[in-house]
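Student: Taking my numbering, I'd label the letters of the sequence shown as residues 4 to 197.
Below is the structure I would like to discuss, written out as structure tokens.
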Amino acid sequence: MRIVLLGAPGSGKGTQAALLEKHLGLPHISTGVLLRHAVAEQTPIGQQAKAIIDRGELVPDDVMLDLIEERLAQADTQQGFLLDGYPRNLAQAESLDALLERLGRPVDEAIQIDVDPEQVIARIEQRAAQEGRSDDTEEVLRHRMRIYQEQTAPVVDYYARKGLLTRVLGEGSVEEVLQLILSVLSMDERGAAP
Ligand code: AP5
């Protein structure tokens, strides 16, 4: 199964993808994690991306496409994958479709995790205190949320128009949200069965 997880910063995409990876046996591909790793390793992409991430803006689409294409070429993605943080604008959604069409492995499901912005801010404040991620300051978070509204929210409609989108309320406990997502996925699998 090829699944795209969508949602605002702090909506729980990464948390849920890590749990779904264990439940479904599919690799969790987080572009945020890939980029932070590149920054830590000071690779050319990391050096280019660091200031952009710290401002809460989007890394250029061509850089992201190279990164995702390289990751999807790896053998562990053959049976499916969970994409977290990609695509993040309409151009990325279209590039991803073109890439997956070429590979004969289209997206099966897009799941949007909805969380009230005030709850998102509270979660990120807590994470900032615990982990100190460089883009988790109040000012940068507000900018990330603006970018999400302007550029990523249209991606939700893009998948809705394709009939692939399910929205899940992400405001319960981590376990409750996980169960909601698993029930959506199992319903769709049953629906797809002959
Ligand atoms: P990225 O790492 O993708 O950040 P994000 O989308 O802002 O997402 P977060 O990691 O903040 O939140 P999340 O939804 O994963 O929530 P999480 O599970 O962590 O991207 C970072 C940057 O990289 C971008 O700003 C951009 O610069 C760049 N980038 C990445 N992808 C890109 C792309 N495709 N194109 C261009 N640039 C790109 O949860 C948040 C917190 O809440 C955690 O502390 C968690 O423990 C807690 N939590 C989770 N679920 C619950 C729950 N149900 N109840 C209570 N707490 C919860």
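All residues carry an ideal CB built from backbone N, CA and C; glycine is no exception.
#1: Leaving out five residues on either side along the sequence, give the residues of the same chain with a beta carbon under 6 Å from the beta carbon of tyrosine 162.
#2: Report all residues from its chain with a CB closer than 8 Å to the CB of glycine 166; omit the five preceding and five following residues, and keep chain order.
#3: Spatial neighbours of glycine 35 within its chain, please: C-beta separation below 6 Å, excluding the five flanking residues on both sides.
#4: Tell me the residue span of the alpha helix (DSSP H) that contains arginine 5.
#5: How would you write the range of the alpha helix (DSSP H) that serine 98 sits in, first residue to last?
#6: So, for valine 159: in the same chain, excluding its five sequence neighbours on each side, which residues have a beta-carbon less than 6 Å away from its beta-carbon?
#7: Have a look at arginine 170 and glutamate 60 and give me their C-alpha separation to the nearest angstrom.
#8: Aspartate 138: buried (16+ other C-beta within 10 angstroms of its C-beta) or exposed?
#9: Quick check: is any heavy atom of ligand 1 less than 7 Å from the C-beta of glutamate 99?
#10: If we count Cβ pairs, one from each stretch, closer than 8 Å, do we get three or more for the stretch 117 to 126 versus the stretch 41 to 53?
#11: Out of Met4, Val7, Arg5 and Thr18, which one is the CA nearest neighbour of serine 176?
#12: Under 8 Å by Cβ, that's how I've got arginine 136 and arginine 145 pegged, so tell me the actual separation to the nearest angstrom.
#13: Straight-line CA distance for glycine 173 to alanine 21?
#14: Look up aspartate 57 in the DSSP assignment and say whether it is helix, strand or coil.
#15: Following the continuous beta strand (DSSP E) through threonine 18, name the residue where it begins and the one where it ends.
#16: How would you call glycine 15, buried or exposed, if buried means at least 16 neighbouring beta carbons within 10 angstroms?
#17: What residue ranges within the stretch 137 to 175 form continuous beta strand (DSSP E) runs of no fewer than 3 residues, ordered along the chain?
#18: For ligand 1, is there any heavy atom lying closer than 7 Å to the beta carbon of glutamine 95?
#19: Tell me the residue span of the alpha helix (DSSP H) that contains glutamine 115.
Tutor: Looking at the coordinates:
#1: So the list reads Ala113 and Leu168, once near-sequence residues are dropped.
#2: Excluding positions up to five away in sequence, the list is empty.
#3: A distance below 6 Å between beta-carbons, with the five flanking residues on each side excluded, links glycine 35 to the following residues of its chain, in chain order: Gly88.
#4: Premise fails: arginine 5 lies in the beta strand (DSSP E), 5 to 10, not in any alpha helix (DSSP H).
#5: Per DSSP, serine 98 belongs to the alpha helix (DSSP H) from 93 to 106.
#6: In the same chain as valine 159, and ignoring 5 residues on each side of it, the C-beta atoms closer than 6 Å to its own belong to Leu9 and Gln115, in chain order.
#7: Roughly 25 Å between the two C-alpha positions.
#8: Classified as buried, aspartate 138 has 16 or more neighbouring CB atoms from the shown chains inside 10 Å of its CB.
#9: What sits at residue 99 in the sequence shown is leucine, not glutamate. No, since every heavy atom of ligand 1 falls outside the 7 Å radius drawn around the Cβ of leucine 99.
#10: No, the stretch 117 to 126 is not in contact with the stretch 41 to 53.
#11: Measuring from the Cα of serine 176, the nearest candidate turns out to be Thr18.
#12: That pair is no contact at about 15 Å.
#13: In this model, glycine 173 and alanine 21 are separated by some 15 Å (Cα to Cα).
#14: Here DSSP, grouped into helix, strand and coil, assigns aspartate 57 to helix.
#15: Looking at the DSSP string, threonine 18 is not in any beta strand (DSSP E); the run it does join, the alpha helix (DSSP H), is 16 to 27.
#16: Only buried fits glycine 15, as 16 or more other CB atoms lie within 10 angstroms of its CB.
#17: Those beta strand (DSSP E) runs which fall completely within the stretch 137 to 175 and span 3+ residues are 168 to 172.
#18: With a cut-off of 7 Å, the C-beta of glutamine 95 is classified as near ligand 1, since at least one heavy atom of the ligand falls inside that distance.
#19: In the DSSP annotation of this structure, glutamine 115 is not part of any alpha helix (DSSP H); the continuous beta strand (DSSP E) holding it starts and ends at 112 to 117.
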